[in-house]
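*Asks:*
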Amino acid sequence: MKNIKSLLTALGLMLSAISSVAQYVTTNQLSGTAIAPGQYYNYSSIVLGPVTSITPAAGQSVRLYIANPDCQLLTNSFSQNQNYIVTSTPRTAMSSFSTSGKTACDLMQTVQYFDGLGRPLQTVQVKGSTAGKDVVQPFAYDQFGREVQKYLPYAAQGAADGSYKSTAVSDQTAFYSSPPSGSGVSAVASPFSVTNFEPSPLNRVLEQGAPGAVWQPVANSAAGHTNKTDYTTNNTTALGDPNSYLAVLYTVTINSNQSRTLNHANGANYAAGQLYVTISKDENWVSGKPGTTEEYKDKEGHVILKRTFNQVGTTVQVLSTYYVYDDLGNLAFVLPPNSNADAGITSAANQATLDNLCYQYQYDERNRLVQKRVPGKDWEYMVYNLLDQVIFTQDASQHAKSPQEWSFIKYDALGRVIMTGTEGGHTETRQGLQDYITTTLKNASSGVTGWEIPSAAGTHGYTNTSFPSGPGAVALMVNYYDSYNNLAGYPGYPTNFTVSGNSQMTTGLITASKTAVLNNPSDYLWTVHYYDDKGRETQLFKQHYLGGTVSQYNYDQITNTYNNITSELTTSKREHYVKNTANTDKVKSVTILNSYAYDHMGRKVQTKEQINSGANILLSQTDYNEIGQVQTKHLHGATGAAPFLQNIAYAYNERGWLKSSTSPLFAMQLTYNNGNTAPFNGNISKQSWQVQGGASKSYNYTYDALNRLTAGIYSPTTENYNEQGIDYDLAGNIQHLTRQSSAYTYNYTGNQLQSVSGLTTGTYQYDPNGNVKFDARNQKTIAYNLLNLPQSVTATGFNLSYTYDAAGKKLRKNNGATITDYIDGIQYENGNIIFIQTEEGRAINNGGNYIYEYSLTDHLGNNRLSFDQNSATVIRQQDDYYPFGMELSRGTTASPKNEYLYNKKELQEELGQYDYGARFYDPVIGRWGSVDKLAEHPEQIHLSPYAYVGNNPILKNDPDGNCPICLIVAVEVLEALTTEQVVGGLIFTAGGTYVTSKIIDHSSNTSTFDRPIFTNDNTRITNSVPKITPNIINANGSQNSSKTQKGVNNKTSNNARVIGQEAHRQEGRKLELQGALTEQTIALQDGTVVRKDAIMPDGTAIIIKPDTPTGRQSAKRRENLLNKNGVKNQSIFYDPTNPAYKPGSPTYIGPK
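Throughout the sequence shown, residue numbering follows this note's numbering, covering 84 to 1235 in sequence.
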């Protein structure tokens, strides 16, 4: 484009020189637009008439030029015969919203046209496309007012003036039938999705289609590859019958000590018609039970049973997960498929099964969750204060110590976590500790309080009057809010450290924190945050642990600048300091400056980086197609502009799923429904790739009816890299796998792997928290820290140690020969910087100068090929992988070797495992070495807590080692809570804030990938407190002293979830009527994967949050992330106490 602009501008100058002889007289008018006598412009080309003549006045000239296509003048002509609302969003400073003389770079405008009933007819994003065309979203309704057909947005080819497009539907069809040349849009035969509703006042969805011909409903039959839903009630027909909807009836006894006992009367089942049954069938379903999901609910809305079906040979395999509640509505037991709960199990007869395979929950007389047991782990315990806040937690490993250890949590008067840590020396039972705390807190003369108050003279800057306050309490993390006073123990600013322009409007913001080093808890690393008056972080002081020591001179100073109108991040400068040899002053080691540019729609288009005084390199430039998809990414502009070393072109299918990414060095193609096995639900049937100068290679994939990988067949067949013959037990544990010609059989006790025939020697061993403490594959013994992260690994003649802070951030690794220091993307070996991670790869230290190395990745973010700035044709490193992530033989290895490979996680060469942050993954056996911290999440509670990504490693990756989807689902729904609740084993505050705040801060990095997407995430996402802990705070920010009903999926929790889900449903429905696509997963330009509540036709990402302090803070975090990545966004806030969202209330408007 820039070359074209240059040529056309030069043409204009030539014409000017030729024609500048007399007065301004023009015949046979140009195609350009006149803006002044003798001045003409256009955005693509200027066409001269057959006999064009321009004669300027004496001494004057003619100017013909091509204007920036992003910044076209607004020439609005809104249709006055339609009802409409115009939304104008300024991108530059202005005193009025008048469009006179303004361009699309100055003002973003969206027009919504409505019919006489107030329903959206059309949404027009004025000049919203890359080429400055209007982006239009049409709407249509049936005679009942239902939107039965949803259209993809398109770029109108007529006048880009915001007017109502009277032929929008036919224009949309034409646009996708034959996309305009250069639009970058793939042809779509049926560019809409059809919804078939039940013919009843309930308007329940029976069938949901999707864009593309093969995803259209065909008379609601199996011929159309759509999502289908049936509704019925349970019956008593025996399992095995195709018409069976049998549900076993379980009951719970609450004993005098508040323990729960599981009961099942002999042969007892739910009577027919007592449960609602919803049957879901995805796009692959053809007939029968396999591939369907049945959900059974009682009349109070409790989920009683979830049942799926798999086809194993000629046998239909039934997988049932039961949820059993006590009489108070508390979830007491979850019985996963491998517990064989369809046969009926009880505490009396099957306690070993319950302990090994099931989830068990115990509550006290106030219905507070006090004990729980997760498969693979022993019991965990919780103790509360009078405000029902958890103040002590104990996991199984802490319980096994003698004397016992507890983790503690302290709060301030607003219910915010201000301190976490551990306290040893305990010999009492959980009940004994609870009774002592309750009695002491009720005694006003004890001097013990329920919360802490800032105090400069107090321990760690607080009064230290809440439990625990003795000398045995070791603080691991301390948070400070609202001001910069009382920062106890702060080491003081280093010489010449200055902060300017920071705001004092910091009430409600975290201002500082200190985090202990777990190997040496007397060492604290400080982080201090500085903001402007808009709450944007402008400066950050952050200590690091280089050399294994704390020093006031070991720190990073980060300075951010923003577009003051849009709040888009424009620059971020990181100054990295280290202490001098005498530890008397700082030495600047490196300065990294990143700068960002955005287009007229707020999308990030350029990322630049400058290290020290080196060149300001254009790391990447992104082009978007006419409907906002990433079309091309350009890598490495040495002069801050083109030419580039590599250009990656992306293509998509009808569903918006990635179809190919192509560059000169590496090309990849993904096949879905047109492959060998033709899945239609997003599973990838084939992945093929080719490197420059090499032969094409591929994997063909097959899956079972539960979307679990069963085989990956490699081509060419001369290289035997197959993984096949894969099958699973009822919990998703791999039972058999054949790699090349070696057949492996896995042996288990419960979900815990004991051995793999032909691969291991001896037996795997586990600690009480379910961590592998002896690895039978590599014959190594592993010890874990408080966060269940490997701390030391030993074997004969071998020692490996890790150092973490209390947030789980890896600081150091020592394998005896090399000490590696990790400092937020700056990586040292033996005291020297080896490389600096960049947004597109890394910069390798070369004697103080830095060489940029770029990573070309596949759809999962796996590093496939690297090249550096010195050559666009030389491959620095090439990596291919077996389906479960084990490396194939590597042809080329960079120096230093890039260890951030599979899913962009660091390979621990000493173990052959990948460090994901929350736990380590072994790709040789396809399993985690620790229990998932979020194993209880409803989306994966039926799975083994050691299973990797639901056994579909071709479609999904795992950003941090926890459940791939849990954080998004939990956060988006549970921020509607107005009191603290326990949901899925996670304890949330009002507004849904999970006390492990760093997880919430990075929750947008986690998602279930319902389609292949890009990720470049190697951020460690870990807990910021050592245990799952609650924090009770009302929506108005006050303490909640009222009794709250707790429990995983208990009645109160269910109601809160129902309210949150209904609020999201209603708000999402409103947006759908405006053309939005709801619950969309998108990949940002920094590689972060996020799921947004909705995406508007103009590409605006919608954030739906409750109107609570926490909800607004959460929305702000998401806005900042999207702004940083150039994604236009808007937050919508709703009142979580609105009765319209509460079933049973007089004003409830949701489904009955």
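Ideal placement from N, C-alpha and C gives every residue a C-beta, glycine not left out.
Note that the coordinates shown come from a computational prediction; the quantities given were computed from them, not determined experimentally.
Quick one: what does DSSP say Lys1199 is sitting in, helix, strand or coil?
*Replies:* helix
*Asks:* Does the distance from the C-beta atom of Lys716 to that of Tyr733 stay below 9 Å?
*Replies:* yes
*Asks:* Going by DSSP, which residues form a beta bridge with Arg686?
*Replies:* None, per the DSSP bridge assignment.
*Asks:* Quick one: Cα of Thr1062 to Cα of Arg499, how far?
*Replies:* Bear in mind that the predicted position of Thr1062 carries a pLDDT of just 31, short of 50, making it unreliable; the figure below should be weighed with that in mind. Their Cα atoms are separated by approximately 14 Å.
*Asks:* Pairing CB atoms from the stretch 633 to 642 with CB atoms from the stretch 573 to 582, are three or more of them under 8 Å?
*Replies:* yes
*Asks:* Would you grab the beta carbon distance between Asn346 and Tyr333 for me? Rounded to a whole angstrom, and I think it's under 8 Å.
*Replies:* 7 Å
*Asks:* In whole angstroms, give me the CA-to-CA distance for Ser954 and Arg686.
*Replies:* 29 Å
*Asks:* Who are the Cβ neighbours of Leu204 in its own chain at under 7 Å, not counting the five residues just before and after it?
*Replies:* Tyr196, Phe197, Asp198, Phe222
*Asks:* Can you give me the start and stop residues for the beta strand (DSSP E) that Lys525 sits inside?
*Replies:* Careful: Lys525 lies outside any beta strand (DSSP E), inside the alpha helix (DSSP H) at 513 to 525.
*Asks:* Do Thr800 and Arg174 have their C-beta atoms within less than 9 Å of each other?
*Replies:* no
*Asks:* Can you tell me whether Ser370 is buried or exposed, with buried defined as 16 or more other CB within 10 angstroms of its CB?
*Replies:* exposed
*Asks:* Please report how far the alpha carbon of Leu741 lies from the alpha carbon of Tyr784, in whole angstroms.
*Replies:* 17 Å
*Asks:* Helix, strand or coil for Pro420? Go by DSSP, reduced to three states.
*Replies:* helix
*Asks:* Alpha carbon to alpha carbon, what distance is there between Asp1041 and His627?
*Replies:* 27 Å
*Asks:* Using a C-beta cutoff of 9 Å, does Gly544 count as contacting chain C?
*Replies:* Here there is only one protein chain, and chain C is not present.
*Asks:* Apart from the five residues just before and just after Ser655, which ones in its own chain have a Cβ nearer than 6 Å to its Cβ?
*Replies:* Asn643, Asn677
*Asks:* At 4 residues or longer, what runs of the alpha helix (DSSP H) sit wholly inside the stretch 971 to 1059?
*Replies:* 1049 to 1057
*Asks:* Would Tyr614 and Leu592 qualify as a contact pair, given that the criterion is a beta-carbon distance under 9 Å?
*Replies:* yes
*Asks:* Is it a yes or a no for the stretch 490 to 499 touching the stretch 305 to 324, going by three-plus beta-carbon pairs under 8 Å?
*Replies:* no
*Asks:* To the nearest angstrom, report how far apart Ser596 and Phe918 are at their CA atoms.
*Replies:* 28 Å
*Asks:* So Leu796 packs on Tyr811, CB below 8 Å; how close in whole Å?
*Replies:* The question names Leu, yet the displayed sequence has Ile at residue 796. The pair is not a contact, with the Cβ atoms about 19 Å apart (cut-off 8 Å).
*Asks:* How about Arg513 and Met588: are their beta carbons less than 9 Å apart?
*Replies:* no
*Asks:* Tell me, please, which residues DSSP counts as bridged to Thr546.
*Replies:* Bridge partners of Thr546: none, in fact.
*Asks:* Which residue from Asn340, Ser339, Pro294, Gly356 puts its Cα closest to that of Tyr314?
*Replies:* Gly356
*Asks:* Tell me whether Tyr259 sits in a helix, a strand or coil according to DSSP, three-state version.
*Replies:* helix
*Asks:* Assuming Asp409 and Ile337 are in contact, meaning their beta carbons sit under 8 Å apart, how far apart are those beta carbons, in whole angstroms?
*Replies:* Contact holds; Cβ gap of about 6 Å.
*Asks:* Of the choices Lys980, Tyr831, Glu448, Thr158, whose alpha-carbon is the least far from that of Tyr1029?
*Replies:* Tyr831
*Asks:* Could you give the distance in angstroms between the alpha-carbon of Glu1150 and the alpha-carbon of Ala293?
*Replies:* 22 Å
*Asks:* Just to confirm my understanding: we take Glu982, look at its own chain, exclude 5 residues before and 5 after, and list those with CB closer than 6 Å. What are they?
*Replies:* Glu989, Leu990
*Asks:* If you reduce the DSSP assignment to three classes, tell me which class Thr309 lands in.
*Replies:* coil
*Asks:* What beta strand (DSSP E) runs, 3 residues minimum, are completely inside the stretch 171 to 205?
*Replies:* 190 to 197
*Asks:* Tell me, to the nearest whole angstrom, how far the beta carbon of Asn468 is from that of Gly533; I am working on the premise that it is less than 8 Å.
*Replies:* 5 Å
*Asks:* Compare the beta carbon distance of Ser746 and Gln729 with 9 Å and say whether it is the shorter of the two.
*Replies:* yes
*Asks:* Which word fits Gly507, buried or exposed, when buried means at least 16 other C-beta atoms lie within 10 angstroms of its C-beta?
*Replies:* exposed
*Asks:* Using 10 angstroms around the beta-carbon of Gln1023, count the other beta-carbons present and answer buried if the total reaches 16, otherwise exposed.
*Replies:* buried
*Asks:* Give the straight-line distance between the Cα atoms of Ile474 and Arg343, rounded to the nearest whole angstrom.
*Replies:* 23 Å
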